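Let me begin by presenting the structure, written as structure tokens, before commenting on it.
Numbering (our numbering), first residue to last: 1 to 253.
Right, here's the structure in full:
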């Protein structure tokens, strides 16, 4: 029966992660290629798989690969991220309202934040939200909208509406790249738009960036040096980058 076959196909794809139509043809020799294609179409319509050229991939496999990629990013330059977080924590003591951007360096900082006074936190990062929720004195607001599965950042009109309506003492921002020519950059337009609005609303803007991001330009610019107040880094910036930032009175920590 078609139902049983589709269940079997889905289970096989889940177990393998990715398969070719030719593999399915060997497993189901009595079924035509056209029928197998229709089975794959059905499974895709029901959000079980994603068809690829000549085959299909399991949704579970794709999600696990994305998690692996994010975990790998968390482990990259981990010493630098820990150093930056330790420096940044000293800059936010006593603050009443805080915005936490998405990004693995910002998430590293979120793990360190402890407060005995009430602190209002707004974040576009579910990961940082979970870390801050462990603090009984922190009131955490998570932006609504669409979750980017690559960056674990929430964006969209609901996030923009919230950003335009809040007052922020300190915005802790991450960045995917920086160069003197392009400024601070990221790879997704909606994320850049949200970052710009947050920067516009914040009294103090702090960017966390390890030196591996220097001269790495992504497609969208969300800030220039004159838009930020403090850059927290790992101490390995080249002289040209330091001079460019100091030209705009950016404090380098």
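Where a beta carbon is used, it is the ideal one built from N, C-alpha and C, also for glycine. Keep in mind the model is a prediction, meaning the values are calculated, not measured.
For residue 190, is the classification buried or exposed, using 16 other Cβ atoms within 10 angstroms of its Cβ as the cut-off for buried? buried
Should residue 10 go down as buried or exposed, given a rule of 16 or more other Cβ atoms within 10 Å for buried? So residue 10 counts as buried.
Can you tell me whether residue 29 is buried or exposed? The criterion is at least 16 other CB atoms within 10 Å of its CB, across all chains shown. Exposed: under 16 other Cβ atoms inside 10 Å.
In the segment 106-176, which residue ranges form an unbroken beta strand (DSSP E) of at least 3 residues, counting only runs that do not cross its ends? At a cut-off of 3 residues, the continuous stretches assigned as beta strand (DSSP E) that sit fully inside the segment 106-176 are 119-123, 138-142, 146-148, 153-155, 168-174.
Can you tell me whether residue 227 is buried or exposed? The criterion is at least 16 other CB atoms within 10 Å of its CB, across all chains shown. buried
Just grab the DSSP bridge partners of residue 230 for me. 206, 251
What's the call for residue 107, buried or exposed, on a 16-neighbour Cβ count within 10 Å? buried
If contact is defined by three or more beta carbon pairs under 8 Å, each pair taking one atom from either stretch, is the segment 202-219 in contact with the segment 146-164? no
Just to confirm, is the Cβ distance from residue 214 to residue 237 under 8 Å? yes
Quick check on the DSSP output: the beta strand (DSSP E) that includes residue 20 runs from which residue to which? 18-20
At what residues does the alpha helix (DSSP H) containing residue 254 begin and finish? Since the first and last residues shown for the chain are 1 and 253, residue 254 lies out of range.
Look up residue 31 in the DSSP assignment and say whether it is helix, strand or coil. coil
Buried or exposed: residue 40, going by 16 or more other Cβ atoms within 10 Å of its Cβ? buried
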